[in-house]
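Engineer: The following block contains the structure, expressed as structure tokens.
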Amino acid sequence: MSVYRGRFAPTPSGPLHFGSLVAALGSYLDARHAGGAWLLRIEDIDPPRCPPGAADTILRQLEAFGLHWDGPVHYQSQRNAAYQAALERLISAGLAYPCSCSRKQWRDYAIYPGWCRHGVREPHKPQAWRLRSDLGLRPVAWQDRLFGDQRFDPAELGDVVLKRKDALWAYQLAVVVDDAEQGISDVVRGLDLLDNTPWQCQLQVALGYPEPRYLHLPLIVAANGQKLSKQNLAPALPDDDGAALRRLLHRALLALDQAPDPAAGEAPVAEQLTQAVHDWDPRRLAAERHRRDTS
Ligand code: GLU
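Dropping the structure here:
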């Protein structure tokens with residue numbers, strides 16, 4: 001098997017909540033069980049969404065749960081030159097174009113219809129950069145380690161934004177450049193990101209990068225059936241309360257269907273983690289509870 005390199009890549013829009021703890025834990029266990037590296041990347045490319053101090057809080061929370069990462073923390077806010085170089089490669093290959101259209105203008109279409117592909121329609125307006133998806137990019141397919149065969153028609157994906165009109169880098173470009181430059185072999189993350197994966201696969205092909213394996217984790221839903229997210233104010237995780245941390249780690253292992261010893265909920269986090277790394281088996285994840293209709 002190739003060298004395993006995994007990562008956790010939170011957007012620091014607030015502290016970790018239970019759902020993001022589960023995602024962090026899933027990628028950590030998968031990496032450590034394989035004897036691989038686990039890297040931490042702070043995806044702070046959208047400053048208005050990232051309150052000061054949030055990234056440091058996340059680092060402290062991960063440390064408190066014993067989720068220690070390898071190497072220096074990688075901050076996307078410092079990676080402008082790498083993203084620019086990738087965009088320029090796409091432009092030179094004729095695969096990226098500037099676009100002045102607003103969402104309002106194409107609201108009657110399911111995807112952006114590509115009006116600016118052959119020249120910007122309104123050159124005096126601010127412009128985004130998009131990937132051309134109409135140039136023979138093959139159907140996007142990958143074998144998700146949990147959700148199985150995934151296939152998408154490029155014609156239904158549209159021309160994804162690479163750089164926004166406000167000059168901020170789009171998540172899709174940044175994540176693909178960083179996964180490649182950090183040599184990530186395995187992406188383990190929440191199911192809410194599965195819809196983004198086809199664009200990321202397209203970009204990997206367009207940029208000549210290797211394609212990592214993907215494992216999307218079933219989402220954790222709140223008692224009211226809603227997805228746990230920062231928007232619906234999932235309670236932030238404690239980062240300094242021993243007993244609460246121990247129980248939360250135990251609950252996170254249960255959420256990953258890992259059947260930890262019922263008595264282990266009071267055990268120190270380091271002990272619970274060592275056992276969980278040893279026992280990790282992603283086949284226990286109950287994909288059918290969250291299976292998507294991909295037909
Ligand atoms: N930054 C993204 C988020 O926090 C995750 C990116 C990824 O794992 O690919 O939702």
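One point on numbering: in UniProt numbering, the residue at position 54 of the sequence shown is 54, and numbering is uninterrupted.
Glycine residues also receive a C-beta, built at the ideal position from the N, C-alpha and C atoms.
Nothing here was measured: the structure is a model prediction, and the numbers come from that model.
Check whether the Cβ atoms of Asp44 and Ala55 sit closer than 8 Å, and answer yes or no.
Structural biologist: Locating residue 44 in the sequence shown gives position 44, counting from the first residue. Locating residue 55 in the sequence shown gives position 55, counting from the first residue. Yes; because the gap between Cβ atoms is below 8 Å, this pair is in contact.
Engineer: Using 8 Å for Cβ pairs, my map puts Leu237 next to Gln76. What's the rounded Cβ distance?
Structural biologist: Sequence index remark: in the sequence shown, residue 237 carries index 237 (1-based). Sequence index remark: in the sequence shown, residue 76 carries index 76 (1-based). With 8 Å as the limit, Leu237 and Gln76 do not qualify as a contact, their Cβ atoms being about 22 Å apart.
Engineer: Nearer than 7 Å: is that true of the beta carbon of Thr57 relative to any heavy atom of the ligand GLU?
Structural biologist: Looking up residue 57 in the sequence shown gives position 57. No.
Engineer: Please classify Ala174 as buried or exposed, where buried requires at least 16 neighbouring CB atoms within 10 angstroms.
Structural biologist: In the sequence shown, counting from the first residue as 1, residue 174 sits at position 174. When all chains shown are included, Ala174 counts as buried.
Engineer: Where do the ends of the alpha helix (DSSP H) carrying Trp38 lie?
Structural biologist: Counted from its first residue, the sequence shown places residue 38 at position 38. Not the alpha helix (DSSP H): Trp38 falls in the beta strand (DSSP E), residues 37-42.
Engineer: My output table needs one value for Val161: the three-state DSSP class, helix, strand or coil.
Structural biologist: As a first step, residue 161 is located in the sequence shown; it is residue number 161 there, counting from the start. It is a strand residue.
Engineer: Examine the ligand GLU and report whether any of its heavy atoms sits within less than 7 Å of the Cβ of Asp187.
Structural biologist: As a first step, residue 187 must be located in the sequence shown, where it is residue number 187. The sequence given here places Val at residue 187; Asp does not occur at that position. Yes, the Cβ of Val187 comes within 7 Å of a heavy atom of the ligand GLU.
Engineer: With DSSP collapsed to three states, give me the class of Cys99.
Structural biologist: What you label residue 99 is simply residue 99 of the sequence shown in a count that begins at 1. Note: Cys99 maps to strand in three-state DSSP.
Engineer: If the criterion is Cβ atoms closer than 8 Å, does the pair Val22 and Ile220 meet it?
Structural biologist: The sequence position of residue 22 within the sequence shown is 22, counting from 1. The sequence position of residue 220 within the sequence shown is 220, counting from 1. Taking 8 Å as the Cβ cut-off, Val22 and Ile220 qualify as a contacting pair.
Engineer: Can you give me the C-alpha to C-alpha distance between Lys125 and Ser100, rounded to a whole angstrom?
Structural biologist: Taking the first residue of the sequence shown as position 1, residue 125 is located at position 125. Taking the first residue of the sequence shown as position 1, residue 100 is located at position 100. Their backbone Cα atoms lie some 6 Å apart in a straight line.
Engineer: Using 10 angstroms around the beta-carbon of Ser295, count the other beta-carbons present and answer buried if the total reaches 16, otherwise exposed.
Structural biologist: Within the sequence shown, numbered from 1, the residue matching residue 295 stands at position 295. Unreliable positioning characterises Ser295 in this predicted model, as indicated by a pLDDT of 27, which lies under 50. A coordinate reading is not provided.
Engineer: Does DSSP put Ala243 in a helix, in a strand, or in coil?
Structural biologist: Taking the first residue of the sequence shown as position 1, residue 243 is located at position 243. In this structure, Ala243 counts as helix in the three-state DSSP scheme.
Engineer: Just to confirm the assignment, what range does the beta strand (DSSP E) spanning Ala141 have?
Structural biologist: Taking the sequence shown and counting its residues from 1, the one referred to as residue 141 is at position 141. Its beta strand (DSSP E) spans residues 140-144.
Engineer: Excluding five sequence neighbours on each side, which residues of the same chain lie with their C-beta closer than 7 Å to the C-beta of Leu29?
Structural biologist: Along the sequence shown, read from residue 1 onward, the residue named residue 29 stands at position 29. Once the five neighbours on either side are set aside, the close Cβ partners of Leu29 are Ala276, Val277, Trp280.
Engineer: Measure the CB-CB distance between Phe18 and Ala244 and report whether it falls below 8 Å.
Structural biologist: The residue given as residue 18 occupies position 18 in the sequence shown. The residue given as residue 244 occupies position 244 in the sequence shown. The answer is no: Cβ separation not under 8 Å.
Engineer: Using beta-carbon positions only, say whether His216 and Asp144 come within less than 8 Å of one another.
Structural biologist: The residue you call residue 216 lines up with position 216 of the sequence shown. The residue you call residue 144 lines up with position 144 of the sequence shown. Yes, Cβ-Cβ distance for His216 and Asp144 is below 8 Å.
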